[in-house]
Structures are given as C-alpha cells and as structure tokens.
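For reference, the structure discussed in these notes is given below.
There are 2 protein chains.
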Amino acid sequence: MKNKLYFKTTLDERTTRAYETIKEEQTTIGYYSLPEQNIQPILDYCNTISKEIQSIAVIGIGGSSLGAKAVYGFLRSVEKPLRKLYFFESTDPINIKNLLDTIDIEKTHFLVISKSGTTVETFAIYKYIFSKQDNPNAYTFITDPNSDLEKYAKTIDADILHLPDNVGGRFSVLSVVGLVPLALCGIDVQALLDGANRIKKSFFEHGYLQDILLQKSLFYAKHHAKYHINCLFAYSESLKYFTEWYVQLWGESLGKKQRHSAFHVGLTPIGLIGPKDQHSFLQLIMEGTRDKSVTFIQIEDFQKKIKIPSTPLPHLESLDTLNDRYFSDLITMQCNSVIEALLEEGDIPLDRITIPQISAENIGALIFYYELLTSLVGELIDVNTYNQPGVEAAKVILKKKLDAQQ
Amino acid sequence: MKNKLYFKTTLDERTTRAYETIKEEQTTIGYYSLPEQNIQPILDYCNTISKEIQSIAVIGIGGSSLGAKAVYGFLRSVEKPLRKLYFFESTDPINIKNLLDTIDIEKTHFLVISKSGTTVETFAIYKYIFSKQDNPNAYTFITDPNSDLEKYAKTIDADILHLPDNVGGRFSVLSVVGLVPLALCGIDVQALLDGANRIKKSFFEHGYLQDILLQKSLFYAKHHAKYHINCLFAYSESLKYFTEWYVQLWGESLGKKQRHSAFHVGLTPIGLIGPKDQHSFLQLIMEGTRDKSVTFIQIEDFQKKIKIPSTPLPHLESLDTLNDRYFSDLITMQCNSVIEALLEEGDIPLDRITIPQISAENIGALIFYYELLTSLVGELIDVNTYNQPGVEAAKVILKKKLDAQQ
Numbered sequence: 086m087k088n089k090l091y092f093k094t095t096l097d098e099r100t101t102r103a104y105e106t107i108k109e110e111q112t113t114i115g116y117y118s119l120p121e122q123n124i125q126p127i128l129d130y131c132n133t134i135s136k137e138i139q140s141i142a143v144i145g146i147g148g149s150s151l152g153a154k155a156v157y158g159f160l161r162s163v164e165k166p167l168r169k170l171y172f173f174e175s176t177d178p179i180n181i182k183n184l185l186d187t188i189d190i191e192k193t194h195f196l197v198i199s200k201s202g203t204t205v206e207t208f209a210i211y212k213y214i215f216s217k218q219d220n221p222n223a224y225t226f227i228t229d230p231n232s233d234l235e236k237y238a239k240t241i242d243a244d245i246l247h248l249p250d251n252v253g254g255r256f257s258v259l260s261v262v263g264l265v266p267l268a269l270c271g272i273d274v275q276a277l278l279d280g281a282n283r284i285k286k287s288f289f290e291h292g293y294l295q296d297i298l299l300q301k302s303l304f305y306a307k308h309h310a311k312y313h314i315n316c317l318f319a320y321s322e323s324l325k326y327f328t329e330w331y332v333q334l335w336g337e338s339l340g341k342k343q344r345h346s347a348f349h350v351g352l353t354p355i356g357l358i359g360p361k362d363q364h365s366f367l368q369l370i371m372e373g374t375r376d377k378s379v380t381f382i383q384i385e386d387f388q389k390k391i392k393i394p395s396t397p398l399p400h401l402e403s404l405d406t407l408n409d410r411y412f413s414d415l416i417t418m419q420c421n422s423v424i425e426a427l428l429e430e431g432d433i434p435l436d437r438i439t440i441p442q443i444s445a446e447n448i449g450a451l452i453f454y455y456e457l458l459t460s461l462v463g464e465l466i467d468v469n470t471y472n473q474p475g476v477e478a479a480k481v482i483l484k485k486k487l488d489a490q491q
Numbered sequence: 086m087k088n089k090l091y092f093k094t095t096l097d098e099r100t101t102r103a104y105e106t107i108k109e110e111q112t113t114i115g116y117y118s119l120p121e122q123n124i125q126p127i128l129d130y131c132n133t134i135s136k137e138i139q140s141i142a143v144i145g146i147g148g149s150s151l152g153a154k155a156v157y158g159f160l161r162s163v164e165k166p167l168r169k170l171y172f173f174e175s176t177d178p179i180n181i182k183n184l185l186d187t188i189d190i191e192k193t194h195f196l197v198i199s200k201s202g203t204t205v206e207t208f209a210i211y212k213y214i215f216s217k218q219d220n221p222n223a224y225t226f227i228t229d230p231n232s233d234l235e236k237y238a239k240t241i242d243a244d245i246l247h248l249p250d251n252v253g254g255r256f257s258v259l260s261v262v263g264l265v266p267l268a269l270c271g272i273d274v275q276a277l278l279d280g281a282n283r284i285k286k287s288f289f290e291h292g293y294l295q296d297i298l299l300q301k302s303l304f305y306a307k308h309h310a311k312y313h314i315n316c317l318f319a320y321s322e323s324l325k326y327f328t329e330w331y332v333q334l335w336g337e338s339l340g341k342k343q344r345h346s347a348f349h350v351g352l353t354p355i356g357l358i359g360p361k362d363q364h365s366f367l368q369l370i371m372e373g374t375r376d377k378s379v380t381f382i383q384i385e386d387f388q389k390k391i392k393i394p395s396t397p398l399p400h401l402e403s404l405d406t407l408n409d410r411y412f413s414d415l416i417t418m419q420c421n422s423v424i425e426a427l428l429e430e431g432d433i434p435l436d437r438i439t440i441p442q443i444s445a446e447n448i449g450a451l452i453f454y455y456e457l458l459t460s461l462v463g464e465l466i467d468v469n470t471y472n473q474p475g476v477e478a479a480k481v482i483l484k485k486k487l488d489a490q491q
C-alpha cells in the first residue's frame, strides 16, 4: 500500500504529543492489539459448524455488520466465497421478509452480534427469526461477557463468543465480530490480520507510514474549519462497502463536542465510487464550495483482465483511441485524469492510496490505516474518539415511547 | 405525500422572483413537461420486445442509470418485476465480468443510453458486450437525434429512441431514459407520471406544496453558508437508490460557480438509510458541527406486515415492550424518536416527508418534488442548475492521455 499526499504540512509539537498519546493508548484501547491476536480458537470454532451450512447470516447493526460486509464485499468480487454472507441490519419489514425469502433457513447459521446485548434492532430481528427457526444450534451469540444476551444464550444452550475488552463496535472488524463471519465464508483471516500488522508496524516502528499519517491527520485537524468534508473516492466497485464502513468510523468517531470546549466539531465523511461518481458528485468537488478534501483509492492490478475490442464502429471513430486497451488501464487513466483536473484548481487537498490488488492482506492494511488515522485526527481535534454519546438521546425517547404504549 | 417543515422562514420578493423564473423556465427546460407526455409510443415499443427476454440491461452511467435504478429499487421491494433490471455503469473490469456472469446474454435486451453518444464508459462497455453478442436486435439505442451514436445504430439497423429536447441527464428519469427500462420490467409508468403530475399541479396551481417548496428552498438558500450539507434520511431500505439519485441531482445541479460572482457555492447532499445509519451517521448530526439540515422520509404503510413475537426470552425481559408490535410501527417509532431528539437540540433544521406506501405513483411524486426543489434552490443561490461544466476538465485530460498513448 502506497499513500501519496498532494499537500504539505510541517510536523510540530502537536503531532509529537498526539503520537505519544496514541502510543500510550495501546494499553487501554483494545483495537490496537487485534492484529497480533491468536486466531486458532476462532478457526477451531468455525470448524465446528456443519459443512451442510451454506449461508451465514449476521443479525447485527452498525459496528456489528459494516466491517465484515466491507471485507466480504471486497474479496467476493474476485473469489467465490465458501459460504454466502447475509446481513439482517434493518427493522424495515420488507427488507426482513425479502432476506428471509432469499436464504434457506435450514442451511443457514445465524450470528447474533450485539456488544451490550440489548440493541433494539438486533433483538427484534432475532426474536422474529427465532420464531421461524428455534434450533439453538443454528445460532452463535457474540457479545460482551455477562451481558443479558449471554445469560439468555446460556438458557438455550447456544454457542457464545466474547468480544475482547475495550474494543468499540466500529473498531471491531478485526475481532471475533468480523473474523468469525469472514472465516466461516472461507476468507483467510490470518492474512487480514497480517495486512493490518504491517501497517501497525510501519506506524509504530517509524516506518514509511508514520510520517504520512501524522502529516495527514495534522493537515485535517489544522484546516478542519475550512475542509470539513472528507471524500473517499475509490476506483473499484469492490470498495463500495468499505466506504460505508469508513463513513461510520469517521463520522461516529469524529463528530463530537470537544473535550475542552463547548464547540461542536466534526469531519463529515462521504464515500464515492469511481468512475461512476464522476457523473454525479465530481461537479460539486470541482466547482462547489471549497470545503472538501479528497482521498483517492486505486487498485494497481485488477485480477480480471478484459480488453476493449478493436472492432471498427462506423461514425464512432473518435473513440477508437480506446481500442485494445485493458479496462483496468482505462479506469486507472480515468482516476488519474480526475486527480490532475482537481490539482489544477490548486485549492482542493488531495491524496492517493494505491493498493496492489484485491486480497485479504490489502483490505486488512486499509482497515488499520483508517483506524490509526481516525485515532490521530480525533486526538488532534480534541474529541473522545471512542464514545458515541449523541446516539443515546433517541434511544431514551424510543424507550419512553415503547413504555408508554404498553 | 405530506411534508412538514420544522423551521420557519418568511416568503419575500426573492421567492416571488424565483417562482416566476421557474414558471417561465417551463418553455425552455424540458423536464417540466414530462409528466403530461403521451406514453403510448413507449408502451408500443416495449411490446415489440420478445417475451423470451428475461433481463433488461442498461449500459449507461450517471443520469442514464440512476433514475431507473431508484424507481426499480423502490418498487421491486414489494413486487416481483416482470423482468430483472441490470446496470452496466462502471469500467471496473471485475464488475463487468461479474455482471456478465450473472445474466443470460441470449435472454437479455440491452439499452445503450448516452445523450451525446460519446460517453467513454458507455462506449467501452458497449464495445465489449457487442463482442459477446453481435445481434443488433439485442440492442436499443437511446440518444439525442443526429448524435454519432444514432448514426452508428443506423448502420447496424438497430432500434433507436430519442431523448426529448432540453432534458438533462439527471432530470431525465421520467423520459424514455427511465420509462423504457421500467416499462420493460412491467412497472406502471403511467402511474409514475401521474404521481409526478400531482406534485406539478400542486406547485404551479397554488396547491399545498407551493408554499412548502418555496419556504424550504428559501431557507436552504438563505442559510447556505451555515447549513451547507443536506442529509436525506430515508427510513426504508427500498429508498437506497433513490438517495443515490438525489445525490447526483443535488450535487451536480447546485455545486457551481455563481452566475453573477466568482464564488464557489454548493449544497452537499448525503443519503442515509434508517434505522441503520442511526448506528453510523447520527452521532455526527447530533453532536458534530452545526452545518447540516436533515430531511426524513417515512413510509406510512409498509405493505408487508410482520410482528415481533411475544415468546418470552429469559434475561431479556427489559425488551419485552417490543412484543407483539409490527416492525413497521417500530421503524416509525425509531424515526420519530430521532426527529424528537434532534429537535431538542434546537439548532438543526429538519423536515419530514411522509409517503403513504410503496407505489409507482408515490415515487413519481417524490422525484418531481425533488426536481422542483432543486430548480428553486438553484435559482435562489444564483447558479445554472442545468449544466455541469466542472466535469469537462477531467474528460479533456483523459482524451489527451488516450491520444498520447496511441
């Protein structure tokens, strides 16, 4: 993975402090140590699931689903998974019905994922599905030790897996939350962790990425009032769900009240897919308000090589310069053209991430890169990166409504 | 369709002027008259397509695909379509290969849609697919009269349909661009137009929506510097692609240089789906920078009624208030709870659109509502709503690259 910044900033005592904080945080924030975990217990557990099972269905929402979806969506594009992975993550009745019509419930293993064990959506959907499939062996519960969900799972004698300590939902993809569904679909989760570990080492052992990540986070924090929208423009359909994972990670971690002021701050994340969104969002970046930074992601080697044929098409000769080109070269040229056009404007901060190809190792690296970047930016804009107090108010109101309408 | 605004603004001479401009624009901007068109020629044309054809594949990008996708995605959730609809809209080789593996090419009719006829992506994909299926009867070309694409289509004796005058790509869903693929999938396109016409009449004949649309557009324009991000938070998975259509419409129409100044202006659109994004983006709206307005969309009657069972689950009794509730009631309560929580903050401009149920008429109404709103806001922030000069620079650079590497 390479990362080229097209903007400059000088590291100063703020980045030194932030780096020290992040280093110390490793003892209290759980996600940093996930890349080095021993995954043998997870693999052993996955081997206990019957070969008859064709589908895995995650019942979970937000941090319990977005990470596995990002990795699965990325890798499935080039390799047929061992089992199909589905996500029940909405209380929309049409969505629940349609998903249930898609799967063969007798050949599906359900992973009920809720950190607290009392997520309304997860609970409601589980209860509905349990009325259709009441065999406890069809379920595994992934939750915090001693949660009510664990206590319940014990009463039906279902399998239980625990989340590691101090790993928040949106930072949990490299824990059991992501690894179990992915391993069950035949994905090489060790490679995923190896990729993450590569980034971790590069950052903490003064490798190439340390300087890049510090510069980028300082730039975002310093210019936060001006460039408060961050676009992630990925040139591959396979990264669609990765951008959704990024939106949660970035938005929920950085949209906060400051710790030492009454300011509301935040960097607004937007996921884009190229070249499609050149025909949608690009106009706004190019000519709209100068409030956006853009990170491009390119894939160097698309494993599926197909060529634009050279058959002559009368009256369309002006496009013959496309003849005999690989689509992969075309998409790369499209991305480069957009970068050049935006650079010419001179006042839109850009950077480019290049990943060699679609693999578990590379998506693991990308995930850890974004987790580190989020932690750094959070520290530099003075927020608590790891909580989400803003979602509580609506939960309290919902509870009151539910209680009132008994 | 109902629309309740939770903010107030007083109409003034600016809205009077904008309203007059929009009224006059009807003679020059084509989309306003689409709701009243005679669709018999489209239906007749669709009847010429063989009953053997099981899939329709649109080869088109941006305005040529997003509208049909929005309507199809919405309606397919409750009704099985006559034929399946696919979209080739990326030069990502993996995406093209995987899509081709999904369809039966011999039972697919391809709609090649490009206004100018020289869209690079559309052309490259068409050329590749034509090398796999060279029967001209498998294609219909939808393009401007006398475009190079039309001239080419004539040489292979394929069917050609014309776009109406002065209808830009992102305003074209109610023209042949959207109606042909949708009608071929058995969707009641007359109902779609009727829904749009209802909104048109309400606006131009001093109905209920005139005041609402003028107030809303004036508020967005007046407070543009503060609330420059507009979130569309739709509480139904079926509206996912509608939010993508909205992002293009809003972003590409309103992200511009002003006509009478050197200012870069724009309102940044963000599509969200509830309740899922309560677990992702809500934190940022609730506690982040106060730069966002939010429009909620609720569906009153979800046609699929399913209930949360009342089976007792030991240790999870705290959630028993959910028992025996319809999921549709739960999702509505969730949305209402979020609205109340945000209203309590007092400084986040909100409104709520309610649509009675999932139907062609209702999505037609929603589309026209957003088109009118976009035209009004564009007028009030002094941009040319209907062009997109900002996407040209990257096209010129791409052309140079292609020419250089001959």
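Protein sequence lines, in the order shown, are assigned to chains Z and E. Its first residue numbered 86, the first sequence is counted upward by one per residue in this note's numbering. Its first residue numbered 86, the second sequence is counted upward by one per residue in this note's numbering. C-beta: ideal position from N, C-alpha, C; glycine also. Values in this document were obtained by computation on a predicted structure and should not be read as measured data.
For the candidate residues the options, whose alpha-carbon lies nearest to that of residue i?
{"i": "G356 of chain E", "options": "E:H364, E:R99, E:V379", "result": "E:V379"}
{"i": "E446 of chain E", "options": "E:S162, E:N282, E:Y130", "result": "E:N282"}
{"i": "A479 of chain Z", "options": "E:L461, E:L428, E:I452, E:I210", "result": "E:L428"}
{"i": "I440 of chain E", "options": "E:T176, E:L451, E:D189", "result": "E:L451"}
{"i": "L170 of chain Z", "options": "Z:T193, Z:N180, Z:I181", "result": "Z:T193"}
{"i": "Q333 of chain E", "options": "Z:E98, Z:Q368, Z:L196", "result": "Z:Q368"}
{"i": "R344 of chain E", "options": "E:K239, E:L246, E:P474", "result": "E:P474"}
Between the beta-carbon of residue i and the beta-carbon of residue j, is there less than 7 angstroms?
{"i": "D142 of chain Z", "j": "Y326 of chain Z", "result": "According to the sequence shown, residue 142 of chain Z is Ala rather than Asp. Their beta carbons are not under 7 angstroms apart, which means A142 of chain Z does not touch Y326 of chain Z by this criterion."}
{"i": "R255 of chain Z", "j": "E329 of chain Z", "result": "no"}
{"i": "I443 of chain Z", "j": "V205 of chain Z", "result": "no"}
{"i": "G351 of chain Z", "j": "G359 of chain Z", "result": "no"}
{"i": "G147 of chain Z", "j": "H364 of chain E", "result": "yes"}
{"i": "I393 of chain Z", "j": "L407 of chain Z", "result": "yes"}
{"i": "S323 of chain E", "j": "F159 of chain E", "result": "yes"}
{"i": "L234 of chain E", "j": "S199 of chain E", "result": "yes"}
{"i": "I314 of chain E", "j": "K377 of chain E", "result": "yes"}
{"i": "G115 of chain Z", "j": "D250 of chain Z", "result": "yes"}
{"i": "I241 of chain E", "j": "Q218 of chain E", "result": "no"}
{"i": "L483 of chain E", "j": "S422 of chain Z", "result": "yes"}
{"i": "S175 of chain Z", "j": "K361 of chain E", "result": "yes"}
Whose C-beta lies closer than 8 angstroms to the C-beta of residue i among residues of the same chain, with five residues either side of it excluded?
{"i": "L96 of chain Z", "result": "D296, L299, Q300, L303"}
{"i": "H309 of chain Z", "result": "V350, L352, I466"}
{"i": "L83 of chain E", "result": "With chain E covering 86 to 491 only, the question about residue 83 of chain E has no answer from this structure."}
Among residues of its own chain, excluding the 5 on either side of residue i, which ones have a beta-carbon nearer than 6 angstroms to its beta-carbon?
{"i": "G152 of chain E", "result": "V258, G263, W330"}
{"i": "L267 of chain E", "result": "A153, V156, V274"}
{"i": "Y305 of chain Z", "result": "V462"}
{"i": "I438 of chain Z", "result": "N88, I382"}
To which residues of the same chain is residue i closer than 7 angstroms at the C-beta, ignoring the five residues directly before and after it?
{"i": "K286 of chain E", "result": "G292"}
{"i": "P120 of chain Z", "result": "L259, L278, A281, N282, K285, F453"}
Given this structure, state the Cα-to-Cα distance separating residue i from residue j, to the nearest angstrom.
{"i": "Q419 of chain Z", "j": "T228 of chain E", "result": "23 angstroms"}
{"i": "S403 of chain Z", "j": "T207 of chain E", "result": "14 angstroms"}
{"i": "C270 of chain Z", "j": "L465 of chain E", "result": "52 angstroms"}
{"i": "T353 of chain Z", "j": "Y454 of chain Z", "result": "18 angstroms"}
{"i": "D244 of chain Z", "j": "T225 of chain Z", "result": "5 angstroms"}
{"i": "L185 of chain Z", "j": "P178 of chain Z", "result": "11 angstroms"}
{"i": "T187 of chain Z", "j": "D386 of chain E", "result": "23 angstroms"}
{"i": "R375 of chain E", "j": "Y91 of chain E", "result": "16 angstroms"}
{"i": "S201 of chain E", "j": "D129 of chain E", "result": "25 angstroms"}
{"i": "T94 of chain Z", "j": "L294 of chain Z", "result": "15 angstroms"}
{"i": "A276 of chain Z", "j": "I138 of chain Z", "result": "24 angstroms"}
{"i": "N183 of chain Z", "j": "P166 of chain E", "result": "14 angstroms"}
Against residue i, what residues of chain C qualify as contacts under a CB-to-CB distance less than 9 angstroms, listed in chain order?
{"i": "S201 of chain E", "result": "As a matter of chain content, chain C is missing from the structure shown, whose protein chains are Z and E."}
Legend entry - Contacting positions in the segment 334-356 of chain E - beta carbon closer than 7 angstroms to chain Z: G336, E337, G340, K341, K342, H349, V350, G351, T353, I355
Legend entry - Near-chain Z residues of the segment 179-190 of chain E - C-beta to any C-beta below 7 angstroms: I179, N180, I181, K182, N183
Legend entry - Residues of the segment 359-382 of chain Z whose Cβ lies closer than 9 angstroms to any Cβ of chain E, in chain order: G359, P360, K361, D362, Q363, H364, S365, F366, L367, Q368, L369, I370, M371, E372, G373, T374, R375, D376, K377
Inset, instruction - Could you name the residues of the segment 230-253 of chain E whose beta carbon sits closer than 8 angstroms to any beta carbon of chain Z, in the order they occur along the chain? - result: D233, L234, K236, Y237, T240
Inset, instruction - Output, in sequence order along the chain, the residues in the segment 200-219 of chain Z whose CB is closer than 9 angstroms to any CB in chain E. - result: G202, T203, T204, V205, E206, F208, A209, I210, Y211, K212, Y213, F215, S216, D219
Inset, instruction - With 9 angstroms as the C-beta to C-beta threshold (strictly closer), list the residues of the segment 118-151 of chain Z near chain E in chain order. - result: I146, G147, G148, S149, S150, L151
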